[in-house]
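Trainee: Okay, so the sequence shown: first residue is 5 according to the working numbering, each after it adds one.
Don't be surprised by glycine CBs; every beta carbon is placed ideally from N, CA and C.
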Amino acid sequence: MSEKFRLLAMGGDGIGPEVLSCGLAVFEAVASNAGIAYEIEHDLLHGAAWDAYGTFCREETVARAKAADAVLVGGVGGPKWDHIKVPGGPEMQDGLMRLRIELDVYIGLRPAVAMPCLEHLTPYREGLITGADVMVLRELCGGSFFGLPRGIDQLPDGRRRGYDNYVYDSNEIERFAHAGFRMARQRRGKLTSIDKANVMECFKLWREIVSEVAREYPDVTLDHMHADNCVYQVAMNPRAFDVILADNMLGDIVSDQLGCIAGSKAMLPSACLKGLPLPGQRIAGIYEPSHGTAPDIVGKGIANPVGTLLSVAMLYEYSLARPDLARDIAKATQTALESGCLPSDLGGTADSASVTRAVLASLAL
Ligand code: NAD
Ligand code: MN
């Protein structure tokens, strides 16, 4: 890390800039209070970059992201840009996917925790999710989101055919599996690897490699579970899960499902890392809420900023090696919600700025 912590901040599209500004307010207040010197650079990503520069991610942006100690993103995408096709592979079609590939941040950490004060706002009956705390590890740089060939072809008889390629090689699976076992070791020692090995070749290899890697972690309990069953089981009994190891596609799905235990998908943070740091070590990463750009509520100032604030907490944990400050932010967020300061997706009337102010107040900043 250079003398000053370098943060690259990009709002992206839709509600992205709205939640980013909340995240930055908390990042700056906490850093200043802790005496952490920082500088923030701003840039445009995806749709915003397309509108300004005609590309989803400029080369300058890639270079800035690589030089930064952390990148904080609001969210990208929206109907305005969904149908634009530019030359190049899948990563060229999406600014955020481009950054994930360029930074090789293949580990997506997506924690979901049931907060006692929000349990009555979830679809669960009383007591069913008390204490639920699940960490989804989503692979971010491979699988069907990037596999080639892909496309929509015109067939001679007039039909059209769309296809993608669900593909992982053994190295990709192996490095990711190690991250899963290491994460399980730091938590409650239980890893559930999910796949569709019953029907897909790619997942037969996935299951084989994960089982091989397991031999190096005899202290971790490994279960293999079919993904469809997993989505059911996490809904029925989320407390049975500790760490879930999932490929890019299935991890995307199962992590949104877990938004139900947190009260709203807008509560879920994420960190995208290229390794799991040892305690005390810092690692660069991309931090972003798990939710999307919510085109239906954009511009109203009512987006729930909690997923972004908790992403900032993860930034303090992994890119600044300050788990103490990460805990402070998470605790202050909980206190603000306990005090009844709830945004509309949790049935309240607090706007994004009020929630952020309440969190800063509980931090005494
Ligand atoms: P979404 O998460 O944007 O929205 C789904 C629902 O959740 C909507 O009703 C929305 O209002 C609500 N919601 C989401 N975030 C919220 C918040 N912070 N506060 C309150 N309510 C919130 O998912 P979608 O509709 O599937 O996708 C919309 C766009 O977002 C698409 O263009 C998609 O590609 C993009 N997307 C981006 C990311 C990302 O940048 N990481 C992730 C997912 C989706
Ligand atoms: Mn998603």
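(1) Put residue 8 into one of helix, strand or coil per three-state DSSP.
(2) If contact is defined by three or more beta carbon pairs under 8 angstroms, each pair taking one atom from either stretch, is the region 289 to 301 in contact with the region 330 to 342?
(3) Short check: CB of residue 27 to CB of residue 76, under 8 angstroms?
(4) Nearest CA to the CA of residue 243: which residue from 170, 83, 94 and 135?
(5) Give, in chain order, every unbroken run of the beta strand (DSSP E) that is at least 3 residues long and sits entirely within the region 283 to 360.
(6) Could you tell me whether the region 208 to 220 touches the region 96 to 113, using the rule of 3 or more Cβ pairs below 8 angstroms?
(7) Thinking C-alpha only, which one of 307, 83 and 191 is nearest residue 352?
(8) Can you list, in chain order, the residues of its chain whose CB lies under 7 angstroms from that of residue 192, leaving out five sequence neighbours each side?
(9) With DSSP as the reference, identify every bridge partner of residue 158, one or two as the case may be.
(10) Residue range of the alpha helix (DSSP H) that residue 264 falls in?
(11) Helix, strand or coil, according to DSSP, for residue 199 in the structure here?
(12) Taking 7 angstroms as the line, does the beta carbon of residue 19 fall inside it for any heavy atom of ligand 1?
(13) Could you give the DSSP three-state label for residue 240: helix, strand or coil?
(14) Is residue 251 near ligand 1, going by C-beta to nearest heavy atom under 7 angstroms?
(15) So, is residue 198 buried or exposed, given that buried needs 16 or more other C-beta atoms within 10 angstroms?
(16) Beta-carbon within less than 6 angstroms of residue 96's beta-carbon, same chain only, minus the 5 sequence neighbours each way: which residues are those?
(17) Measuring CA to CA, which of 123, 180 and 222 is closest to residue 142?
(18) Please report the distance separating the alpha-carbon of residue 165 from that of residue 204.
(19) For residue 177, which residues of its own chain have a beta-carbon under 6 angstroms away from its beta-carbon, when the five flanking residues on both sides are left out?
(20) Are the beta-carbon atoms of residue 309 and residue 359 separated by less than 8 angstroms?
Mentor: A quick look at the data gives this:
(1) Working through the sequence shown from its first residue, we reach residue 8 at position 4. Three-state result, residue 8: coil.
(2) By the Cβ rule, the region 330 to 342 does not count as touching the region 289 to 301, because fewer than three pairs are nearer than 8 angstroms.
(3) Working through the sequence shown from its first residue, we reach residue 27 at position 23. Working through the sequence shown from its first residue, we reach residue 76 at position 72. Between residue 27 and residue 76, the CB-CB gap stays under 8 angstroms.
(4) For the purposes of this step, residue 243 is taken as the residue at position 239 of the sequence shown. Nearest of 170, 83, 94 and 135 to residue 243, Cα basis: 135.
(5) Segments of the beta strand (DSSP E) lying fully in the region 283 to 360: 289 to 291.
(6) The region 208 to 220 is not in contact with the region 96 to 113.
(7) Looking up residue 352 in the sequence shown gives position 348. Among 307, 83 and 191, the Cα nearest to that of residue 352 belongs to 307.
(8) Taking the first residue of the sequence shown as 1, we reach residue 192 at position 188. Leaving aside the five residues that flank residue 192 on each side, the residues in its chain whose CB is nearer than 7 angstroms to its CB run, in chain order, 246.
(9) By 1-based counting over the sequence shown, the position of residue 158 is 154. In DSSP, residue 158 forms a bridge with 164.
(10) For the purposes of this step, residue 264 is identified with residue 260 of the sequence shown, where counting begins at 1. That run of the alpha helix (DSSP H) goes 263 to 266.
(11) To locate residue 199, count along the sequence shown from 1; it is residue 195. The three-state reading of DSSP puts residue 199 in strand, counting E and B together.
(12) The residue you call residue 19 lines up with position 15 of the sequence shown. Because some heavy atom of ligand 1 lies under 7 angstroms away, the Cβ of residue 19 counts as near it: yes.
(13) Indexing the sequence shown from 1 puts residue 240 at position 236. Correct three-state label for residue 240: helix.
(14) As a first step, residue 251 is located in the sequence shown; it is residue number 247 there, counting from the start. Residue 251: no, Cβ never under 7 angstroms from ligand 1.
(15) As a position in the sequence shown, residue 198 is number 194, starting the count at 1. Buried, by the Cβ-count rule.
(16) Position 92 of the sequence shown, counted from the first residue, corresponds to residue 96. Within its own chain, the residues whose Cβ lies closer than 6 angstroms to the Cβ of residue 96, once the five positions on either side in sequence are excluded, are 90, listed in chain order.
(17) Looking up residue 142 in the sequence shown gives position 138. With distances taken between Cα atoms, residue 142 lies closest to 180.
(18) Taking the sequence shown and counting its residues from 1, one reaches residue 165 at position 161. Taking the sequence shown and counting its residues from 1, one reaches residue 204 at position 200. When rounded, the separation of the alpha-carbon atoms in residue 165 and residue 204 is 20 angstroms.
(19) Sequence index remark: in the sequence shown, residue 177 carries index 173 (1-based). A distance below 6 angstroms between beta-carbons, with the five flanking residues on each side excluded, links residue 177 to the following residues of its chain, in chain order: 210 and 213.
(20) Residue 309 sits at position 305 when you count from the first residue of the sequence shown. Residue 359 sits at position 355 when you count from the first residue of the sequence shown. Result yes, Cβ atoms of residue 309 and residue 359 sit closer than 8 angstroms.
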